[in-house]
Each structure stands twice: as structure tokens, then as C-alpha cells.
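Q: Quick note, the working numbering runs 4 ahead of the 1-based positions in the sequence shown.
All residues carry an ideal CB built from backbone N, CA and C; glycine is no exception.
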Amino acid sequence: MPPKPKFTREEIVAAALELVSAKGMEALTSRDLGAQLGSSARPIFTVFRNMEEVQQAVQQAAMERFNAFAQKAMQYTPAFKQFGMQMILFAQEEPKLFQLLFMSENEQAGSLEHVFAGLGETARVCIEVIESDYGLAPQDAERLFQHVWIHTFGIGALCATRVCRFSEAEINEMLGQDFMAMMLLVKSGAQQTTVKPVLKTGE
Numbered sequence: 005m006p007p008k009p010k011f012t013r014e015e016i017v018a019a020a021l022e023l024v025s026a027k028g029m030e031a032l033t034s035r036d037l038g039a040q041l042g043s044s045a046r047p048i049f050t051v052f053r054n055m056e057e058v059q060q061a062v063q064q065a066a067m068e069r070f071n072a073f074a075q076k077a078m079q080y081t082p083a084f085k086q087f088g089m090q091m092i093l094f095a096q097e098e099p100k101l102f103q104l105l106f107m108s109e110n111e112q113a114g115s116l117e118h119v120f121a122g123l124g125e126t127a128r129v130c131i132e133v134i135e136s137d138y139g140l141a142p143q144d145a146e147r148l149f150q151h152v153w154i155h156t157f158g159i160g161a162l163c164a165t166r167v168c169r170f171s172e173a174e175i176n177e178m179l180g181q182d183f184m185a186m187m188l189l190v191k192s193g194a195q196q197t198t199v200k201p202v203l204k205t206g207e
């Protein structure tokens, strides 16, 4: 009969998440996780087969924490702008988790569609909010979401890497300006075009 686990899966994941939140994913070793639990590493492996499984569970738990953070936006009007605010505030308050979720190196870089698909529930809710609040067609709502998300991600990355720190008023102004510019573009019916280089080769 296998030994009874000293810690539950939930307890191990919670401890691992706090360790990663404080020190980053590189700190998630069996030894350090055991110390975080106040134990040796052995009890971890009565619940998980290996540390890769722990890492996957932490990734999921980090996304759940982000989604809970982002869902606070539904208490505000306009909700979509507040989603952006919450994402950047998450980057400032949880820089290591933001880096884990949105800034981890991808050996096989995919398209933006793969990136947005990885956002899961948050992306779907944002697009639905844009459709209902601004009366946009689904295709236009998705286009607006993608553009504004890229801008928001850039600000979040600056915050998560401690390159910059912005006040809520500054974040609010930056997101508002970008949103209004993109809204005007979408409502004008303008199509996306390929940007041509200003100078030709050899000039």
C-alpha cells in the first residue's frame, strides 16, 4: 500500500506558486519547494511524478490567478479598458508570474492567433464585452482586441521587467488614447495594410 501523501496536490501547488511568484520559475526546484513546504523534497513525489508535472500545475495556477485578477474588470464600466488596466497592474504586482505567463521563450514561435488562443477565457470575455458595449461586429471586435492587447502587453512587459513603472492615471491615459485611435480606425472601415519601407535597399 503506497504511503499516504504528507501534502495534498493543492498544498504543493500553492507553495510552488508562491515560490515562483517571489523568485521566478528558475527557483522551482524540488529542494527549494520542499523547503517552502517545510519538508524534504520526498513528499512532492508521492503526489507528482516529476518536477515537469509540478511546473505544468504552477503554470495553470498562475493563469487562474491572472484570470481572477482580470475578472475584477467586470465590476467597472467600460469593462474592456479595465481589463487592460488589470493586466498591467498584474504585471506590476506579480512580475514573475506575468513573465511566466506572457514572456516565456517559445522555441517554436507561432502566430499571434496562437498567442491569443492561449489567453483562453479572458480573451473570449474581452471580445464579447467589446461587441456588446460598442456595437461592433465579431470580426471588428476581435481585431480591436488584438491590437489593444499588443499595446497593453508592451506596457505590461516594461513593468514586469522593472524597466518602467506607471501610475494608474498614466496607464489609464495610455490605454484610452490607444483604444480611441483603434476604435476610429475600425469604425472608418479601413483595412489592415502592409507597411512599406520608407527607404529602398541601397538608398
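1) Output the distance between the C-alpha atoms of His155 and Val167, rounded to the nearest integer angstrom.
2) Can you find at least 3 beta carbon pairs, one from the segment 62-69 and one from the segment 19-27, that sit closer than 8 Å?
3) Report yes if the CB atom of Phe183 is closer than 8 Å to the CB atom of Cys130, and no otherwise.
4) Looking at Gln96 and Phe169, is the spacing between their C-beta atoms short of 8 Å?
5) Does Leu188 pass the burial test, meaning 16 or more other C-beta atoms within 10 Å, or should it be called exposed?
6) Helix or strand or just coil, what does DSSP make of Pro45?
7) Could you spell out the range, first to last residue, of the alpha helix (DSSP H) harbouring Ser115?
8) Which ranges does the alpha helix (DSSP H) cover as unbroken runs of at least 4 residues, wholly within the segment 138-189, from first to last along the chain?
9) Under DSSP, the alpha helix (DSSP H) around Met55 begins and ends at which residues?
10) Throw me the rounded Cβ distance for the Phe73 and Phe94 pair, which I believe falls under 8 Å.
11) Excluding five sequence neighbours on each side, which residues of the same chain lie with their C-beta closer than 6 Å to the C-beta of Pro47?
A: Taking the definition as stated:
1) His155 and Val167 have their C-alpha atoms some 16 Å from each other.
2) The segment 62-69 vs the segment 19-27: in contact.
3) No, they are not a contact pair.
4) The question names Phe, but residue 169 in the sequence shown is Arg. Note that the C-beta distance between Arg169 and Gln96 is below 8 Å.
5) Result: exposed.
6) Residue identity check: residue 45 is Ala in the sequence provided, not Pro. Here Ala45 sits in coil by DSSP.
7) Per DSSP, Ser115 belongs to no alpha helix (DSSP H) and is neither H nor E.
8) Restricting attention to alpha helix (DSSP H) runs no shorter than 4 residues, the segment 138-189 encloses them at 142-164, ordered along the chain.
9) Residue range Met55 to Ala74 is occupied by the alpha helix (DSSP H) that includes Met55.
10) 5 Å between Cβ atoms; contact.
11) Only Lys10 and Phe11 meet the Cβ criterion.
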